[in-house]
Every structure is written in C-alpha cells, then in structure tokens.
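Under the numbering used here, think of the first position of the sequence shown as 2, with each following residue one higher. Glycine included, every Cβ here is placed at the ideal spot set by N, Cα and C.
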Amino acid sequence: MRYSASALFVSLLLLAGCSTPEAAKDPVSESPKPEAARNLVSSPASPSAPLAIAPTTPDPNTSKIVQQYLSKLGYPQSAQGIWIQTSDQLLANHQGTTPLSAASLTKVATSLAALQTYGVDHRFQTVIGTTGTIENGVVKGDLIVQGSDDPFFVWEEAIALGNALSQQGIKQVTGDLIITGRFFMNFETDLGKSGALLKQALNAKTWSSEAIAQYQTLPAGTPKPQIAIAGSVKVAANPPNFKPIATHQSLPLPELLKKMNRFSNNAMAEMVASSIGGAKVVSLKAAQAAGVPQNEVILVNGSGLAVENRISPRAVCSMFLAINQLLKPSNMTIGDIFAIVGSDEGILEGRKLPTGLVTKSGSLNEVSALAGALPTAQKGIVWFVIMNGGGANLEGFRAGQEALVTQLSDQWGKVPTVPTELAANRGRSNLKSVIEKAN
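Here's what the structure looks like:
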C-alpha cells in the first residue's frame, strides 16, 4: 500500500519533535494488556555486561576533540553527555553512565523493547466481524471491529479494508459499527473517534477533504468503498455472537518502527509502548537487552515527551547495539529501524549531517540529542551518542552536534555509499498491510 510522502510527512510531523511537558500525557489511556505484562520478569537477574565498551581509557585524540566541542557550547558541562565507540574501542566518554534527559532517544528504548517482545515478523491484527447475517450484500446486524494495538491504521488502510469488504459483496450494514479492543485510527486513541473515522472511510460518499486527499495518493483506479452503516458508532467490550469475516494485518513491525523513528511520531511510540505493558516494562526490557543497570534507563512514557525520561549515553549506545544484534539473524540492520541520512524522508531533512549516517534525534524544551552509527573509512562503524541540555538553544545544540559529527567523519574518512552493515534491507520495500477473508 502506498502512502503520500508529503501528506504522511505533514501529518506525522505535527505529532513529533519539540514539545512541551503539557503534551506529555499518555494518549493511550487503557490499561496494559495482561499478556504483555506477563512478559515482564518478576525478579530480573543482574544485568549482564553492557554491550557498550567499558567506560575506561578513552582514545586521547577523540577525547580532545570532544572537550573542545564541550568548551564551545557555553552551557554547563554537567548537563552534557557524550559516548563514542567502535565495536572494540572506546573513543570518548563524558558523563557516559549518567542518566540525562533523553527526549526522543526514548524511542530507541521503545524500539528495542518492541523487537524483543514481538520479533521482526510481527504484524498487529485487526479483526472485522458481525453479530448478524449477510444476505444479498446487507449485514443484518452490527459490524464489529476488534483492534489489537496497530499504531499505523490510517486512511489508506481503512479504504483498503472497505474495498476488501466490498469484494465480499458487502454494501450495507443495518446495525451499528461496534469498536472493541484497542483500535486506533489516524493516531487517534479515543476509540469512539477512531470508530467515527473508520465509518467515514468505509463510505466514499461521506469522505472528508483529508480522506479525499489521501485517496488521491493511491494507485489510479483504486475503487472507492461505499458501505453504508445505518447505525451509530459504539464502543463495547466483548460483543456477543461475534463472527469474524475478515482480518487486517499491519505492516511488519520493523516497517512500523521505521516510520515512527523517521518522523519521531510520539503517538505511535506511546501506542507501541502501551502494547508492551507501559513505560516501566519498556524501561526494564530495554535495560536488560542492552545489558546496562536499570538505573541508567528511567522512563515515564514511551515517546520521550517528558523531561523525567532519563537515559545514560552509554545505555543509548548499548540499545543501538542490542537492536543491531536482534536484527542480524533476519539479515536486517539498524537502517531498517532508523533514518538513513540522504535516503529517508523525515524530521532530519535539512540538517547538515554526513550522508549514510543512521541516526535518531531528540528535542524537548532545553534538551537536544543525536545518536546512532557513523560509517567511516578508517574506523568502520562508529557508534555515538550526543546529549545536550541546560539551555533553551536547540538550534545551537543541533548545529554543534552537526559540526562534531562532521568533524569526526572528515577525520576518519567519509564512505561513498551506505555500507552493508547499515543499509536498509527491508525498509522502503513493497511490504504492505494484508487483508484476508476469514475462514
């Protein structure tokens, strides 16, 4: 399924990036799913050695460059954190084990916890059914939509679902549209509002200008569903006599995380974190997978929209390395999960960063951060984390980050193309959501 790049960018960008604490309220109000909470180990063992290099004897030359960078910032060095390493050498460490306000680097933890919980082939499933019978294209009863945490069910998905139901001959519903489970549409977590959006999407005669605009991004000749639902939208738990008629499966998890991270979509991050069991579960799982002490990963939400979210630079680096390890068996890289500079649309467009850099940024109030993997000719992949705070100068922080990363890239040699170790193997492919008729 195709998405309009410009429309998607605008819609996601409104939900991302620099925000105030007032926006930090968890948009997913329902309790965590019990099955997700059961994945939490009740008495976790002591963390294994961190995947990052031990915080001792950093490289003197790189440390000198970092100290020059810190001295030029003009803000307290106690509010800054730096960690730079290769696979086997620590290059620089400034407050590397100190938890600092992480902003959207929190999404690195959410990504790691999601991959660890679900695996790379996971698709979120939405089941469509009815409480009545289907006769001559008419559902005589209610149409039921049972959600299961899909964080990227958007207009195009709903239109495709409507067309799939139309192909089954369904033209009309005499009853209500019943929403159950955790069904979210267009990043709206209010179940009633999500249901109203879906009802509108299923009938082209009721489309809003936004729905029409998104339809125009689809391949020419895509049918327009016209399923008229006579009743209203209702939210219910466990509707009786539920008979499935179709199943919608989301994009694979890596594709979802890539969209979340490219646009730093806070709503998606909260949905994914909530599906796992909430911020505390994400924090524990991410710390354990990265092999760092729990006190280096302190989270109150899954998006980073809270200054209370604190992660150490070493932990961020270890989480990138842990994600890389989880993806290797599937012939994937962190480029399948995070933005590749020069290749991917997203919030990093316009920033002066080396081409081929795979990275995640974060901004919140007086916090700015940049982390990821830098390909170099001399040192191979260099893993880095830069966390800035202590002043309301986000543009200045970003410019400094760009200058530092560029200086390191120039010093160790730029690479002409994205190396295999970082190239996306499944991202930006022809992967689509799937809609199947129920047996």
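Per-residue DSSP class, three states only, for residue i
{"i": "Trp-1", "result": "In the structure displayed, the chain extends from 2 to 440; residue 1 sits before or after that span and is not available."}
{"i": "Ala-103", "result": "coil"}
{"i": "Ile-54", "result": "coil"}
{"i": "Val-283", "result": "helix"}
{"i": "Phe-385", "result": "strand"}
{"i": "Val-301", "result": "coil"}
{"i": "Arg-399", "result": "helix"}
{"i": "Glu-436", "result": "Looking at the sequence itself, residue 436 is Ile, so the reference to Glu does not match. Here Ile-436 sits in strand by DSSP."}
{"i": "Val-453", "result": "Residue 453 lies beyond the range of the chain shown here (2 to 440); nothing can be said about it."}
{"i": "Leu-423", "result": "coil"}
{"i": "Thr-1", "result": "In the structure displayed, the chain extends from 2 to 440; residue 1 sits before or after that span and is not available."}
{"i": "Ile-179", "result": "strand"}
{"i": "Val-139", "result": "strand"}
{"i": "Ser-47", "result": "Unreliable positioning characterises Ser-47 in this predicted model, as indicated by a pLDDT of 38, which lies under 50. The coordinate reading is nonetheless provided below. If DSSP states are grouped into helix, strand and coil, Ser-47 belongs with coil."}
{"i": "Ala-114", "result": "helix"}
{"i": "Thr-207", "result": "helix"}
{"i": "Gln-86", "result": "strand"}
{"i": "Gln-173", "result": "strand"}
{"i": "Val-406", "result": "helix"}
Beta-carbon proximity check, residue i vs residue j, cutoff 8 Å
{"i": "Glu-403", "j": "Arg-352", "result": "yes"}
{"i": "Ala-229", "j": "Gln-168", "result": "no"}
{"i": "Pro-240", "j": "Ile-171", "result": "no"}
{"i": "Cys-318", "j": "Ala-53", "result": "yes"}
{"i": "Gly-363", "j": "Ala-104", "result": "yes"}
{"i": "Ala-110", "j": "Leu-349", "result": "no"}
{"i": "Arg-399", "j": "Gln-250", "result": "no"}
{"i": "Gln-68", "j": "Ala-290", "result": "no"}
{"i": "Ile-246", "j": "Gly-163", "result": "no"}
{"i": "Ala-378", "j": "Gly-414", "result": "yes"}
{"i": "Pro-376", "j": "Leu-405", "result": "no"}
{"i": "Ser-102", "j": "Val-298", "result": "no"}
{"i": "Ala-270", "j": "Ala-288", "result": "no"}
{"i": "Gly-182", "j": "Ser-149", "result": "yes"}
Element boundaries [beta strand (DSSP E), containing residue i]
{"i": "Lys-244", "result": "244-250"}
{"i": "Arg-315", "result": "Element bounds for Arg-315: not the beta strand (DSSP E) but the alpha helix (DSSP H), 314-328."}
{"i": "Asn-94", "result": "91-95"}
{"i": "Ala-372", "result": "368-377"}
{"i": "Val-342", "result": "First-last for Val-342: undefined, no H or E at that position."}
{"i": "Thr-360", "result": "359-365"}
{"i": "Ile-145", "result": "144-149"}
{"i": "Val-128", "result": "126-131"}
{"i": "Lys-235", "result": "234-236"}
Counted within 10 angstroms of its Cβ, other Cβ atoms place residue i as buried (16 or more) or exposed
{"i": "Ala-238", "result": "exposed"}
{"i": "Glu-437", "result": "exposed"}
{"i": "Thr-421", "result": "exposed"}
{"i": "Glu-31", "result": "With a pLDDT of 38 at Glu-31, under the threshold of 50, the modelled position of that residue is not reliable, and no figure is offered here."}
{"i": "Asn-325", "result": "buried"}
{"i": "Ile-213", "result": "exposed"}
{"i": "Asn-267", "result": "buried"}
{"i": "Lys-73", "result": "exposed"}
{"i": "Gly-193", "result": "exposed"}
{"i": "Ala-340", "result": "buried"}
{"i": "Pro-45", "result": "Here the model assigns Pro-45 a pLDDT of 35, short of 50, so the residue's position is not dependable and the matter cannot be decided."}
{"i": "Asn-62", "result": "exposed"}
{"i": "Asp-151", "result": "buried"}
Proximity winner among the options, relative to residue i (alpha-carbon distances)
{"i": "Ser-284", "options": "Thr-99, Leu-144 and Leu-113", "result": "Leu-113"}
{"i": "Thr-98", "options": "Pro-245, Val-416, Tyr-70 and Val-293", "result": "Val-293"}
{"i": "Ile-160", "options": "Thr-181, Asn-187 and Leu-327", "result": "Asn-187"}
{"i": "Pro-314", "options": "Asp-191, Met-388, Leu-219 and Gly-232", "result": "Met-388"}
{"i": "Gly-196", "options": "Lys-225, Lys-206, Phe-185 and Gly-305", "result": "Phe-185"}
{"i": "Thr-86", "options": "Asn-332, Lys-329, Leu-322 and Thr-418", "result": "Per the sequence shown, the amino acid found at residue 86 is Gln instead of Thr. For the residues Asn-332, Lys-329, Leu-322 and Thr-418, the minimum Cα distance to Gln-86 belongs to Leu-322."}
{"i": "Lys-200", "options": "Ser-210, Asp-177, Leu-219 and Thr-190", "result": "Asp-177"}
{"i": "Asn-137", "options": "Asn-242, Ser-72, Arg-311 and Thr-175", "result": "Thr-175"}
{"i": "Ile-335", "options": "Pro-226, Val-359, Leu-354 and Tyr-216", "result": "Val-359"}
{"i": "Pro-100", "options": "Val-416, Asp-411, Leu-409 and Gly-390", "result": "Gly-390"}
{"i": "Asp-143", "options": "Ile-277, Gln-78 and Gly-133", "result": "Gly-133"}
{"i": "Ala-80", "options": "Glu-367, Leu-409, Trp-384 and Ser-410", "result": "Glu-367"}
{"i": "Ser-276", "options": "Ser-410, Lys-260, Gly-303 and Glu-256", "result": "Gly-303"}
Alpha helix (DSSP H) segment containing residue i, residue limits
{"i": "Pro-61", "result": "61-74"}
{"i": "Gly-193", "result": "192-202"}
{"i": "Glu-211", "result": "210-216"}
{"i": "Leu-258", "result": "254-263"}
{"i": "Glu-309", "result": "Looking at the DSSP string, Glu-309 is not in any alpha helix (DSSP H), and its letter there is neither H nor E."}
{"i": "Ser-1", "result": "Past the edges of the chain, shown from 2 to 440, lies residue 1, and the structure says nothing about it."}
Test: residue i CB closer than 8 Å to a CB of chain D
{"i": "Ala-103", "result": "As a matter of chain content, chain D is missing from the structure shown, which is built from one protein chain."}
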